[in-house]
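Chains as they are written, first to last, in the numbering used here: chain A, 36 to 337; chain B, 698 to 824.
Every residue gets a Cβ at the ideal spot worked out from N, C-alpha and C, and that includes glycine.
Computed from a prediction, not measured in an experiment: that's the story for all the values here.
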Amino acid sequence: MEKKGKGRRSDRPPVDLAAQLKLQRESFVSTFFRKGAEFTEELVTENDRLRAALADAERDNAALRTQLASDEAIRDLLRKIDDLEREKQALLSHVHEAEAHTTQFTNRHAQIEEELANLANLHVASYHLHSTLRLPMVVRHLRELLQQLVGARAYAIYVADDARGELVAIAAEGLEATDLLPIPYGAGETQEDARGTVERAFVTGIARVEEGPLDATRHQPAACLPMRVDDRAVGVIVIHALLAQKTRFVAVDFELFKMLGLHAASALVGAQLFAAADGRVPGVEVFQGISPSIPPKSLANP
Amino acid sequence: MSAEYTCLVVEDSPMMRQLLVFALSRVKNLRVTEADDGVDGLRKLAGTKYDIILTDINMPIMDGLKLVKRVRTDPMHKDTPIVVITTEGSEEDRQRAIALGANAYITKPIQAPQVIAKVKELLKITG
Numbered sequence: 036m037e038k039k040g041k042g043r044r045s046d047r048p049p050v051d052l053a054a055q056l057k058l059q060r061e062s063f064v065s066t067f068f069r070k071g072a073e074f075t076e077e078l079v080t081e082n083d084r085l086r087a088a089l090a091d092a093e094r095d096n097a098a099l100r101t102q103l104a105s106d107e108a109i110r111d112l113l114r115k116i117d118d119l120e121r122e123k124q125a126l127l128s129h130v131h132e133a134e135a136h137t138t139q140f141t142n143r144h145a146q147i148e149e150e151l152a153n154l155a156n157l158h159v160a161s162y163h164l165h166s167t168l169r170l171p172m173v174v175r176h177l178r179e180l181l182q183q184l185v186g187a188r189a190y191a192i193y194v195a196d197d198a199r200g201e202l203v204a205i206a207a208e209g210l211e212a213t214d215l216l217p218i219p220y221g222a223g224e225t226q227e228d229a230r231g232t233v234e235r236a237f238v239t240g241i242a243r244v245e246e247g248p249l250d251a252t253r254h255q256p257a258a259c260l261p262m263r264v265d266d267r268a269v270g271v272i273v274i275h276a277l278l279a280q281k282t283r284f285v286a287v288d289f290e291l292f293k294m295l296g297l298h299a300a301s302a303l304v305g306a307q308l309f310a311a312a313d314g315r316v317p318g319v320e321v322f323q324g325i326s327p328s329i330p331p332k333s334l335a336n337p
Numbered sequence: 698m699s700a701e702y703t704c705l706v707v708e709d710s711p712m713m714r715q716l717l718v719f720a721l722s723r724v725k726n727l728r729v730t731e732a733d734d735g736v737d738g739l740r741k742l743a744g745t746k747y748d749i750i751l752t753d754i755n756m757p758i759m760d761g762l763k764l765v766k767r768v769r770t771d772p773m774h775k776d777t778p779i780v781v782i783t784t785e786g787s788e789e790d791r792q793r794a795i796a797l798g799a800n801a802y803i804t805k806p807i808q809a810p811q812v813i814a815k816v817k818e819l820l821k822i823t824g
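Take a look at the structure:
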């Protein structure tokens with residue numbers, strides 16, 4: 036069943052309604068366009084904001100890329116620094132090795148120079164000791180050797196007088212006459228004083244040399260050096276004091292003492308015999324039979 | 698070519714002279730002349746220029762200190778380095794030698810390396 040009002044409805048819209056609709060439509064269109072404009076404005080603003088953000092992001096990106104490149108360069112540099120550091124360490128190690136070799140070489144060179152100088156001292160001493168058969172010259176050379184090579188300030192050279200059983204001073208320096216009285220030997224027990232030490236060195240044939248620093252207050256000689264020809268002691272060299280600048284015997288002195296023990300006596304005895312023979316050189320006959328490879332006749336006088 | 702240096706050794710003891718000559722033979726390009734005493738030394742210095750002089754103090758005829766004094770009045774050698782070598786070890790002797798014009802002082806018994814070092818130092822020889 037239809038409602039009552041429906042029967043009176045017309046196909047033509049009423050004027051008010053149309054106007055109303057028109058108003059509504061205009062309002063709608065106006066609102067639509069206003070909203071659209073607002074939306075567009077918003078879109079434009081948003082677009083601007085996004086562009087700005089994009090530009091920022093691109094700038095950041097560029098900065099980051101630069102930073103990254105810079106970091107990479109730094110990493111490269113650090114790697115290079117590490118490499119150079121390793122190279123430096125290797126070079127330093129080589130330098131230290133070379134320095135150690137140089138030091139070793141320098142020390143060895145100094146040692147060799149010192150040994151050479153010591154050998155020169157021995158050669159010069161021996162050369163001069165045997166360079167003459169004149170007794171005064173032999174004694175002079177002995178004195179020079181003791182003063183200049185050993186640095187002896189007070190010393191005496193004793194020769195054995197077998198007939199009296201005494202050691203008699205034949206040369207001395209820096210000692211009083213009372214210090215140079217003959218020293219008897221082989222008469223009994225030796226004393227513990229300086230003279231006893233000299234006697235003991237002569238009798239036993241064993242040298243006595245102070246090895247450490249020399250004490251100025253000591254009562255014993257600094258060195259007692261028996262002089263021997265073959266197995267026979269013929270005298271003693273006694274050193275009582277050294278020059279002020281020399282406080283102890285050094286390595287070369289001990290070598291000189293060994294040389295003196297063997298060579299001083301033969302130089303002195305040889306010179307003594309030469310003097311006793313009035314400087315005559317023995318004839319060739321004394322050499323007969325010494326060498327089995329040469330027949331005696333070839334050496335004999337016709 | 699390395700420069701050649703000349704040295705005069707004045708020493709009355711043949712033994713010491715030989716030792717000094719040996720020590721100085723270790724210095725390259727150094728030619729050594731020997732003199733027996735101060736007078737012989739002066740004779741050798743007359744007319745010949747030496748680069749360095751080594752002299753003993755205690756010598757007969759003319760001692761080393763007199764020689765130093767005379768050398769310093771010689772125009773040719775007034776600036777020549779002089780090394781005095783002696784048995785005396787006191788500071789007083791050292792000062793006396795230096796005051797007279799010596800440049801260095803070495804005491805006996807001599808050590809060859811010390812002599813070599815001193816001569817090289819005074820001649821400014823390196824190595």
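Per-residue contacts from residue i into chain A (C-beta, under 8 Å)
i               : result
P810 of chain B : A145, E148, E149, A152
T804 of chain B : L278, Q280
9 Å Cβ cut-off: residues of chain A touching residue i
i               : result
M713 of chain B : V159, E179, Q183, L184
A720 of chain B : A152, A155
Environment of residue i [buried if 16+ CB atoms lie within 10 Å]
i               : result
N805 of chain B : According to the sequence shown, residue 805 of chain B is Lys rather than Asn. Label assigned to K805 of chain B: buried.
K815 of chain B : buried
H131 of chain A : exposed
T141 of chain A : exposed
K281 of chain A : buried
H163 of chain A : buried
E37 of chain A  : Unreliable positioning characterises E37 of chain A in this predicted model, as indicated by a pLDDT of 46, which lies under 50. A coordinate reading is not provided.
T752 of chain B : buried
A794 of chain B : buried
T232 of chain A : buried
M713 of chain B : buried
N156 of chain A : buried
K39 of chain A  : In this predicted model, K39 of chain A has a pLDDT of only 48, less than 50, meaning its place in the structure is not dependable enough to derive any value.
M262 of chain A : buried
E320 of chain A : exposed
D265 of chain A : exposed
P337 of chain A : The pLDDT assigned to P337 of chain A is 47, lower than 50, so where the model puts this residue is not dependable; a value taken from the coordinates is nonetheless given after this. Per the 10 Å Cβ criterion, exposed.
A97 of chain A  : exposed
G200 of chain A : exposed
V707 of chain B : buried
E81 of chain A  : exposed
Q715 of chain B : buried
Bridge-paired residues (DSSP) for residue i
i               : result
I750 of chain B : B:L705, B:I779
D266 of chain A : Paired residue(s): none; D266 of chain A is not in a bridge.
V273 of chain A : A:A191, A:C259
Y802 of chain B : B:V781
R243 of chain A : A:C259
D196 of chain A : A:E201
I218 of chain A : A:L202
T730 of chain B : B:L705
E208 of chain A : A:Y190
Chain A residues whose Cβ lies nearer than 7 Å to that of residue i
i               : result
T784 of chain B : Q182, L278
L659 of chain B : Because chain B in this structure spans residues 698 to 824, residue 659 of chain B falls outside the shown range and cannot be described.
Contact list for residue i against chain B, beta-carbon separation under 9 Å
i               : result
H131 of chain A : Chain B residues near H131 of chain A: none, gap ~23 Å exceeds 9 Å.
Closer than 7 Å at the beta carbon, the chain B residues around residue i
i               : result
H163 of chain A : P711, M712
Under 8 Å from the C-beta of residue i: neighbouring residues of chain B
i               : result
N142 of chain A : Within chain B, no residue comes near N142 of chain A; the closest Cβ sits about 13 Å away, beyond 8 Å.
H176 of chain A : M712
Legend entry - the region 233-251 of chain A touching the region 268-282 of chain A, judged by at least three CB pairs closer than 8 Å: yes
Legend entry - Contact set between the region 281-293 of chain A and chain B, restricted to residues whose Cβ is under 8 Å from the partner: K281
Inset, instruction - State whether the region 130-150 of chain A contacts the region 210-226 of chain A, with contact taken as three or more CB pairs (one from each stretch) at a distance under 8 Å. - result: no
Inset, instruction - Could you tell me whether the region 793-811 of chain B touches the region 127-140 of chain A, using the rule of 3 or more Cβ pairs below 8 Å? - result: no
Inset, instruction - Indicate whether the contact test is met: 3 or more Cβ pairs, each with one atom in the region 183-201 of chain A and one in the region 311-320 of chain A, closer than 8 Å. - result: no
Inset, instruction - Specify whether the region 151-165 of chain A and the region 704-723 of chain B touch according to this definition: at least 3 beta carbon pairs, one from each stretch, less than 8 Å apart. - result: yes
Inset, instruction - Report yes or no: do the region 776-790 of chain B and the region 730-737 of chain B share at least 3 C-beta pairs separated by less than 8 Å? - result: no
Inset, instruction - Report yes or no: do the region 171-178 of chain A and the region 298-308 of chain A share at least 3 C-beta pairs separated by less than 8 Å? - result: yes
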